[in-house]
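Just so you know, the sequences run in chain order A and B.
For the first sequence, our numbering assigns the number 1 to the initial residue and increments by one for each residue that follows.
For the second sequence, our numbering assigns the number 1 to the initial residue and increments by one for each residue that follows.
In this text, a Cβ means the ideal position worked out from N, Cα and C, and glycines have one as well.
Below you'll find the structure, written out as structure tokens, and then a few comments.
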Amino acid sequence: MHDLIGFDDEPFEAMMWELIQSKPFQRLRRVKQLAFSEFVYPGATHTRFAHSIGVFHTARELMKIVQRDLESQERWDPTRSRVSLAAALLHDIGHGPFSHAFETVCEELELDGIKHEETSARIIRETEVGDILVRAQDTEFRANVASLIAADGPTDVYSSVVSSQFDADRLDYMRRDKMMTGSQHGEIDYTWLLQNLKIKKVKSSVDDVEAGEIETFVLDKKAYYAAETYVLSLFQLYPTIYFHKATRCMEAIFTQLLIRVGQLYRNSETEKSGLPRNHPIIRFFEDPKSLEAFLCLDDSVFWGAMPQLCEASDKAVQELATRLVHRKLWKTYDLRLSVEQKLRNGDEAAIDRVIQRSNEKISEWSEEFSDDIPRAVMSTAKRNPYKITPASASPLNKIFIENGSGLIELREVSPIVKAAKTFRLDRIYHNAEDSDVAIAISKAVDAAIKEEKNAT
Amino acid sequence: MQLKGTKDLRKAAVQIVSDAGGEVVGRTRIQKMAYLLELGGVGSGFKFSYKHYGPFSQRLADSLQIAVLFDSVKEEKRSTDWGANYSIYQANANGDVEGAREAIIRLAKSANPVELELAATAAFLATEGYEDAWDETARRKPEKSDKLAGARLLYAELRKIKAMEPWPEIA
Numbered sequence: 001m002h003d004l005i006g007f008d009d010e011p012f013e014a015m016m017w018e019l020i021q022s023k024p025f026q027r028l029r030r031v032k033q034l035a036f037s038e039f040v041y042p043g044a045t046h047t048r049f050a051h052s053i054g055v056f057h058t059a060r061e062l063m064k065i066v067q068r069d070l071e072s073q074e075r076w077d078p079t080r081s082r083v084s085l086a087a088a089l090l091h092d093i094g095h096g097p098f099s100h101a102f103e104t105v106c107e108e109l110e111l112d113g114i115k116h117e118e119t120s121a122r123i124i125r126e127t128e129v130g131d132i133l134v135r136a137q138d139t140e141f142r143a144n145v146a147s148l149i150a151a152d153g154p155t156d157v158y159s160s161v162v163s164s165q166f167d168a169d170r171l172d173y174m175r176r177d178k179m180m181t182g183s184q185h186g187e188i189d190y191t192w193l194l195q196n197l198k199i200k201k202v203k204s205s206v207d208d209v210e211a212g213e214i215e216t217f218v219l220d221k222k223a224y225y226a227a228e229t230y231v232l233s234l235f236q237l238y239p240t241i242y243f244h245k246a247t248r249c250m251e252a253i254f255t256q257l258l259i260r261v262g263q264l265y266r267n268s269e270t271e272k273s274g275l276p277r278n279h280p281i282i283r284f285f286e287d288p289k290s291l292e293a294f295l296c297l298d299d300s301v302f303w304g305a306m307p308q309l310c311e312a313s314d315k316a317v318q319e320l321a322t323r324l325v326h327r328k329l330w331k332t333y334d335l336r337l338s339v340e341q342k343l344r345n346g347d348e349a350a351i352d353r354v355i356q357r358s359n360e361k362i363s364e365w366s367e368e369f370s371d372d373i374p375r376a377v378m379s380t381a382k383r384n385p386y387k388i389t390p391a392s393a394s395p396l397n398k399i400f401i402e403n404g405s406g407l408i409e410l411r412e413v414s415p416i417v418k419a420a421k422t423f424r425l426d427r428i429y430h431n432a433e434d435s436d437v438a439i440a441i442s443k444a445v446d447a448a449i450k451e452e453k454n455a456t
Numbered sequence: 001m002q003l004k005g006t007k008d009l010r011k012a013a014v015q016i017v018s019d020a021g022g023e024v025v026g027r028t029r030i031q032k033m034a035y036l037l038e039l040g041g042v043g044s045g046f047k048f049s050y051k052h053y054g055p056f057s058q059r060l061a062d063s064l065q066i067a068v069l070f071d072s073v074k075e076e077k078r079s080t081d082w083g084a085n086y087s088i089y090q091a092n093a094n095g096d097v098e099g100a101r102e103a104i105i106r107l108a109k110s111a112n113p114v115e116l117e118l119a120a121t122a123a124f125l126a127t128e129g130y131e132d133a134w135d136e137t138a139r140r141k142p143e144k145s146d147k148l149a150g151a152r153l154l155y156a157e158l159r160k161i162k163a164m165e166p167w168p169e170i171a
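As structure tokens, this is what we get:
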């Protein structure tokens, strides 16, 4: 995607090269960027390894903009730029196998501290990765790289390269995911966007209180249409790629499979999973806080366990593993579409209430009538075209256009971006041969609609 | 209390607003308020991880949204004249809350939200094993460092509340 990514013969880039050779970083060759998307888009086999190097390369390009701007004001800080570039390279080093699906498993099993940002920070502090940073720079440098990755948003213009509306992560994965899936959505004018990036101060806030100003990236008005395309393109990747129903179904099956293996381990019935006690997956469940156990996990370890899982004495493990290996998906019931069709004149809130009530009824039914595999597996997600954090809609989370007389938020000047609604999905996955589920869903939806009508 | 289904979660989310006299200003404030209740052992069982503005519970955020959807809580969205959007949550007030829960809520309700965010973040990082949690908080949020002194004082006030669980020591 980036043609050649070179590393100069100077100490900082030599350090970056050494980081890439480290075991934790090499492990990313075995963690796919898009987990199960290759089961829909066969070309989507790119790895977090390639993405991470791409992010570093993109970060270097963004940092040139920062350097140009700040050097002219005699405010350029090379050390802070190096922290940010190192963080760009290492930002995904703590991803588990199948990335976000793995985090869902850990959440369901109540295994704390498995968020990839915190794990990345731990890897930096506690493994050879940190040793490389200390040798080449110092302990303060290592601490700052770890903290930048674990931070919850930009704190200055250097960190905006790693985390902002125009950060290197987003600029790489948008283009990479589009290219590797072959999707025709998500095209952005990358060169023109970078050409028109500027650095300006934006107010930050916590709720209704100002929390200072931070320098971050904004766009010159010449790139207004490129900004529009950028927001909408990013948005379109979600329904078409990341939230594809087959991809989400594979994730759901994987999640249920690992949850089941975890439960068997907790019940001292590991042998029923088909895995030996010293298997990396079992070792992880034994000690989820162990970085050593975590770093033994990657996509290949999971796929390599398939022959054993497919022959497990536990029927649930056997069935789920077999489904994954042979891509035997569950049936998808589009709950949102069904409710929207039944409530033809319903407003958004009414539709959401019916969906919520339906989900609760179906969950209760499934809990009562399921054995070891839930008979109905819910899948919900949403994506705002404009990703505002749910905590506070701070000015820092918005895209600003500089029009000569000041900064104006993109939504205020773009009717298209302003009009774009949140994409929501509410699906239920179930065994196609389980006709009882279909009946239960239908009854639940009808009951939920009745309750809504009675309530209004 | 072990939270189970979405209805329990929703009730617990509404309860926080009710126990706060029926009104909480700010999504960050309610998140940190809920976190400190959990930390003090007088919460409802929401789990937190480091995400938005420090410790954050997605389930709490979702439960509040659902509570708003079903009118158990009202959410008024406002904007400041300098571009920030924030929410005010309102529900029926509960006058019966007392003890540590009441004290924690009262403190969190009146605190400066930036200081509250910093104090909650430092407490969270301390429970995650950071030896110098204030230092790590300062590293992650340098743009808010002028409020750290206030956050330390806030945390000192919090530690005076006799809660069900000991407050983490923060160096």
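(request) Assign Val-445 (chain A) to one of two classes, buried (16 or more other C-beta atoms within 10 Å of its C-beta) or exposed (fewer than that). (result) Residue mapping note: residue 445 (chain A) aligns to position 445 of the first sequence, counting from 1. Residue environment for Val-445 (chain A): buried (at least 16 other C-beta atoms within 10 angstroms of its C-beta).
(message) Applying the 10 Å Cβ sphere with the 16-neighbour rule, what's the burial state of Gln-341 (chain A)?
(response) By one-based count along the first sequence, residue 341 (chain A) stands at place 341. By the 10 Å Cβ count, Gln-341 (chain A) comes out exposed.
(message) I'd like to know if Ser-49 (chain B) contacts chain A, where contact means its C-beta is closer than 7 Å to some C-beta of that chain.
(response) Here residue 49 (chain B) refers to the residue found at position 49 of the second sequence. With 7 Å as the cut-off, Ser-49 (chain B) counts as an interface residue toward chain A.
(request) Could you list which residues in chain B have their beta carbon closer than 8 Å to that of Glu-368 (chain A), in chain order? (result) By one-based count along the first sequence, residue 368 (chain A) stands at place 368. Per Cβ cutoff of 8 Å: no residues; Glu-368 (chain A) is ~12 Å from chain B at best.
(request) Give every residue of the same chain whose Cβ lies closer than 7 Å to the Cβ of Thr-127 (chain A), excluding the five residues on either side of it in the sequence, and list them in chain order. (result) For the purposes of this step, residue 127 (chain A) is identified with residue 127 of the first sequence, where counting begins at 1. In chain order, Pro-24, Leu-291 place their CB closer than 7 Å to the CB of Thr-127 (chain A), counting only its own chain and leaving out the 5 sequence neighbours on each side.
(message) I need the DSSP call for Leu-297 (chain A), collapsed to helix, strand or coil.
(response) Position 297 of the first sequence, counted from the start, is the residue given in the question as residue 297 (chain A). DSSP, read as helix, strand or coil, puts Leu-297 (chain A) in coil.
(request) Taking Ile-214 (chain A) as the query, report the chain B residues whose CB atoms sit under 8 Å from its CB, ordered along the chain. (result) Counting from one through the first sequence, the residue named residue 214 (chain A) turns up at place 214. Those within 8 Å of Ile-214 (chain A) in chain B are Glu-143.
(request) Go through its chain and collect everything with a Cβ distance to Asp-464 (chain A)'s Cβ below 8 Å, but skip five positions before and after it. (result) No statement about residue 464 (chain A) is possible, as the shown extent of chain A runs from 1 to 456 and does not include it.
(message) Using beta carbons (cut-off 7 Å, strictly below), is Met-1 (chain B) in contact with chain A?
(response) For the purposes of this step, residue 1 (chain B) is taken as residue 1 along the second sequence, with counting starting at 1. Only weak support exists for where Met-1 (chain B) lies, its pLDDT of 49 falling under 50; the coordinates are left without a value.
(message) By the 7 Å beta-carbon criterion, what residues does the stretch 93-123 of chain B contribute toward chain A?
(response) Cβ contacts with chain A: Asn-112, Pro-113, Val-114, Glu-117.
(message) Relative to the C-alpha of Leu-69 (chain B), which candidate in A:Asn-384, A:Pro-239, A:Asp-352 has its C-alpha closest?
(response) Here residue 69 (chain B) corresponds to residue number 69 of the second sequence, with the count starting at 1. Selected option, being the one with the closest Cα: A:Asp-352.
(message) Does chain B have any CB closer than 7 Å to the CB of Gln-356 (chain A)?
(response) Taking the first sequence and counting its residues from 1, the one referred to as residue 356 (chain A) is at position 356. Against chain B, the CB of Gln-356 (chain A) has a partner CB under 7 Å away; the residue lies at that interface.
(message) Check whether chain A comes within 7 Å of Pro-168 (chain B), counting only Cβ atoms and requiring the distance to be less than that.
(response) On the second sequence, residue 168 (chain B) is found 168 positions in, with the first residue counted as 1. Judged by the 7 Å Cβ criterion, Pro-168 (chain B) is not in contact with chain A.
(message) For Glu-368 (chain A), report the span of its alpha helix (DSSP H) as first-last.
(response) Counting from 1 along the first sequence, the entry for residue 368 (chain A) is found at position 368. DSSP places Glu-368 (chain A) inside the alpha helix (DSSP H), whose first and last residues are 348-369.
(request) Give the secondary structure of His-185 (chain A) by DSSP, where H, G and I count as helix, E and B as strand, and everything else as coil. (result) Your numbering for residue 185 (chain A) matches position 185 in the first sequence. Three-state result, His-185 (chain A): coil.
(request) Classify Ile-161 (chain B) as helix, strand or coil using the three-state DSSP reduction. (result) As a working note, residue 161 (chain B) is residue 161 in the second sequence. Residue state, collapsed to three classes: coil.
(request) Less than 8 Å between the CB atoms is what I'm expecting for Val-66 (chain A) and Gln-256 (chain A), so what's the real figure, rounded? (result) Counting from 1 along the first sequence, the entry for residue 66 (chain A) is found at position 66. Counting from 1 along the first sequence, the entry for residue 256 (chain A) is found at position 256. Not confirmed; about 45 Å, so no contact.
(request) Taking only the alpha-carbon atoms, compute the straight-line gap between Leu-37 (chain B) and Phe-284 (chain A) and give it to the nearest angstrom. (result) Counting from one through the second sequence, the residue named residue 37 (chain B) turns up at place 37. Counting from one through the first sequence, the residue named residue 284 (chain A) turns up at place 284. C-alpha separation (whole angstroms): 31 Å.
(request) Report buried or exposed for Lys-141 (chain B), applying the criterion of at least 16 other Cβ atoms within 10 angstroms of its Cβ. (result) The sequence position of residue 141 (chain B) within the second sequence is 141, counting from 1. Using a 10 angstroms sphere on the CB of Lys-141 (chain B), the tally of other CB atoms reaches 16 or more, which defines it as buried.
(request) May I ask you to list, following chain order, the residues of the stretch 130-141 of chain B that have a beta carbon less than 7 Å from some beta carbon of chain A? (result) Correct list: Glu-136, Arg-139, Arg-140, Lys-141.
(request) Under 7 Å between beta-carbons, which chain A residues line up against Arg-29 (chain B)? List them in chain order, please. (result) As a first step, residue 29 (chain B) must be located in the second sequence, where it is residue number 29. For the C-beta of Arg-29 (chain B), the chain A residues within less than 7 Å are, from N- to C-terminus, Asp-207.
(message) Within 7 Å of any Cβ in chain A, is that where the Cβ of Ile-66 (chain B) sits?
(response) Position 66 of the second sequence, counted from the first residue, corresponds to residue 66 (chain B). Ile-66 (chain B) counts as touching chain A.
(request) Taking Phe-70 (chain B) as the query, report the chain A residues whose CB atoms sit under 8 Å from its CB, ordered along the chain. (result) On the second sequence, position 70 is the one that residue 70 (chain B) refers to. Result: Arg-353, Gln-356.
(request) Just list the alpha helix (DSSP H) runs in the stretch 97-141 of chain B, keeping only unbroken ones of 4 residues or longer that don't cross its boundaries, in chain order. (result) For the stretch 97-141 of chain B, the full-length alpha helix (DSSP H) segments reaching 4 residues or more read 99-110, 113-127, 133-140 along the chain.
(request) Report buried or exposed for Gly-6 (chain A), applying the criterion of at least 16 other Cβ atoms within 10 angstroms of its Cβ. (result) For the purposes of this step, residue 6 (chain A) is identified with residue 6 of the first sequence, where counting begins at 1. Counting every other CB atom within 10 Å of its CB across the protein chains shown gives Gly-6 (chain A) a total below 16, marking it as exposed.
(request) Give a yes or no on whether 7 Å exceeds the smallest Cβ distance from Thr-155 (chain A) to chain B. (result) Within the first sequence, the letter at position 155 stands for residue 155 (chain A). Interface with chain B (7 Å Cβ-Cβ cutoff): Thr-155 (chain A) is included.
(message) Check whether the stretch 412-428 of chain A and the stretch 303-319 of chain A are in contact - that is, three or more C-beta pairs closer than 8 Å.
(response) Contact between the stretch 412-428 of chain A and the stretch 303-319 of chain A is absent, because fewer than three Cβ pairs lie under 8 Å.
(request) Report the residue ranges of all beta strand (DSSP E) runs contained in full by the stretch 144-230 of chain A; include only those spanning at least 3 residues, in chain order. (result) Correct list: 197-206, 209-220.
(request) Specify the secondary structure class of Thr-240 (chain A) as computed by DSSP and reduced to three states. (result) The sequence position of residue 240 (chain A) within the first sequence is 240, counting from 1. Here Thr-240 (chain A) sits in helix by DSSP.
(message) Taking only three categories from DSSP, how would you classify Ile-176 (chain B)?
(response) Lying outside 1 to 171, the shown extent of chain B, residue 176 (chain B) is not represented and no answer is given.
(request) Report the residue ranges of all alpha helix (DSSP H) runs contained in full by the stretch 26-69 of chain B; include only those spanning at least 4 residues, in chain order. (result) With a minimum length of 4 residues, the continuous alpha helix (DSSP H) runs that stay inside the stretch 26-69 of chain B are 27-39, 58-69.
(request) List the residues of chain A whose Cβ lies closer than 8 Å to the Cβ of Gly-5 (chain B), in chain order. (result) As a first step, residue 5 (chain B) is located in the second sequence; it is residue number 5 there, counting from the start. When 8 Å is used as the limit between beta carbons, Gly-5 (chain B) is near these residues of chain A: Glu-360, Ser-363, Glu-364, in chain order.
(request) Check whether the Cβ of Lys-203 (chain A) lies closer than 7 Å to any Cβ atom in chain B. (result) To locate residue 203 (chain A), count along the first sequence from 1; it is residue 203. Chain B contact via Cβ: present.
(request) List the residues of chain A whose Cβ lies closer than 8 Å to the Cβ of Val-25 (chain B), in chain order. (result) Within the second sequence, numbered from 1, the residue matching residue 25 (chain B) stands at position 25. Think of a sphere of 8 Å around the beta carbon of Val-25 (chain B): the chain A residues whose beta carbon falls inside it are Asp-207, Asp-208, in chain order.
(message) Nearest by alpha-carbon distance to Ala-61 (chain B): which of B:Thr-127, B:Lys-162, B:Arg-10 is it?
(response) Taking the second sequence and counting its residues from 1, one reaches residue 61 (chain B) at position 61. Answer by Cα proximity: B:Arg-10.
(request) Spatial neighbours of Thr-45 (chain A) within its chain, please: CB distance less than 8 Å, with the 5 preceding and 5 following residues excluded, ordered by chain position. (result) Position 45 of the first sequence, counting from 1, holds the residue named residue 45 (chain A). Closer than 8 Å at Cβ, skipping near neighbours: Lys-32, Glu-38, Met-180.
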